[in-house]
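Below you'll find the structure, written out as C-alpha cells, and then a few comments.
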Amino acid sequence: MFTEVTVGGPLSNNKGINKLGGGLSADALTEKDKADIITAARIGVDFLAVSFPRSSADLNYARELAKQAGLNAKIVAKVERAESVASDEAMDDIILASDVIMVARGDLGVEIGDPELVGVQKKLIRRSRQLNRAVITATQMMESMISNPMPTRAEVMDVANAVLDGTDAVMLSAETAAGQYPSETVAAMARVCLGAEKCLASTYPVIVWTKSLMILKKLLRCLQCILQTI
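In full-length UniProt numbering, the protein residues as written are 1 to 230.
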C-alpha cells in the first residue's frame, strides 16, 4: 500500500489502519486475538468483543473458537467496517450473528465519513432493537473530560440523543482509561442518561415498530374502515 501524507503528524508502529470506503483485506481475528480468546476463557469473561467484523462469518468464527476454549460468552460486534453497513442486508447479517452491537463511531466514521455516520448510528440502534439485540453507542462521548471536570454541552446532547434514539448503553474509553477525572465522568454521564430517560418516559416516547407490528397496524386501520362502512 502506497500513501501520500496530506496532514503530517507523529507516526508510530502497531497502529490500526483505516481507509475511507473500506476494502482493507486484514482478517477480523488475528493470531493474537485467537490467543486472547483462550485467555478470556481461562478468566471466564461474560462478553467477547470482535473488532472489525466484515460479516456474520467473522462473528460465527469467534463464537466457535470461544466454545472450543470452553467459553460461552456473549459476542459483541464492534461495527467498524464500511462493508458491514454497506446495505440493509449486510447490517442485518452482522446484527443477527451477534448478541450485542457496538456502534464504534471512531473507526466506522473514518471508513464511511462523518456525514454518513449520522444516519448509520441511528439506523444501527433502531435495527438492533427491532431484531432484539442490545446496542452500545461508543467513542468520544465525553472526550473533553479527559482533561476537564465537566462535559461540553455538545457532549451532553450527544449522550442524551443516543439514549433518546434507543441505545441500551453508552460507553466511555480514554475518559476513564487515561483521563484525569474518571469517576466524575461516569457520574456526569449517568446524570445525563437519567435526564434523557425521564424525558423519554414522559414527553418523547420512542415507538419501535417491527415489520409484524406495522402489518398489524395496517390491518387494524382496514378493519376500522370496514366497520365505518357497515
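Idealized CB from N, CA, C, for every residue including glycine.
Taking DSSP's pairing of strands, which residues face residue 269 in a bridge? The question about residue 269 has no answer, for the chain in this structure spans 1 to 230.
task: List the whole-angstrom C-beta distance separating residue 63 from residue 95, where the pair is believed to meet the contact cut-off of C-beta under 8 Å.
output: Not really, about 14 Å apart at Cβ, beyond 8 Å.
Exercise. Please state whether DSSP places residue 102 in a helix, a strand or coil.
Key: strand
| field | residue 59 beta carbon less than 9 Å from that of residue 86 | value | Annotated as distal: residue 86 and residue 59, with beta-carbon spacing of 9 Å or more.
**Asked** According to the neighbour-count rule (16 or more other Cβ atoms, all chains shown, within 10 Å of its Cβ), is residue 149 buried or exposed?
**Response** exposed
- request: Kindly indicate which three-state DSSP category residue 137 falls into: helix, strand or coil?
  value: strand
Which ranges would you report for the alpha helix (DSSP H) in the segment 156 to 198 if only whole runs of at least 4 residues count?
174 to 177
Task: Whole-number beta carbon distance between residue 124 and residue 79, since they are thought to touch under 8 Å - done: 6 Å
* Find the nearest neighbour of residue 105 within the set 143, 197, 93 and 92, judged by alpha-carbon distance. => 143
Straight-line Cα distance separating residue 193 from residue 159:
7 Å
### Query
Are the beta-carbon atoms of residue 153 and residue 101 separated by less than 9 Å?
no
If we ignore side chains and look at the alpha-carbon of each, how far apart do residue 188 and residue 98 end up?
30 Å
Where residue 211 falls, given that 16 or more other Cβ within 10 Å makes a residue buried: Any reading at residue 211 is ruled out, since the residue's pLDDT is 46, under 50, leaving its predicted position unreliable.
Measuring CB to CB, does residue 122 end up less than 9 Å from residue 88? Going by C-beta atoms, residue 122 is not nearer than 9 Å to residue 88.
**Report entry** Test item: CB-CB of residue 74 and residue 46 under 9 Å
**Finding:** yes
Could you name the residues of the same chain whose beta carbon sits closer than 6 Å to that of residue 138, not counting the 5 residues immediately before and after it, in chain order? Answer for residue 138: 102, 104 and 171, listed in chain order.
Would residue 146 and residue 181 be called neighbours here (beta carbons separated by less than 9 Å)?
The beta carbons of residue 146 and residue 181 sit closer together than 9 Å.
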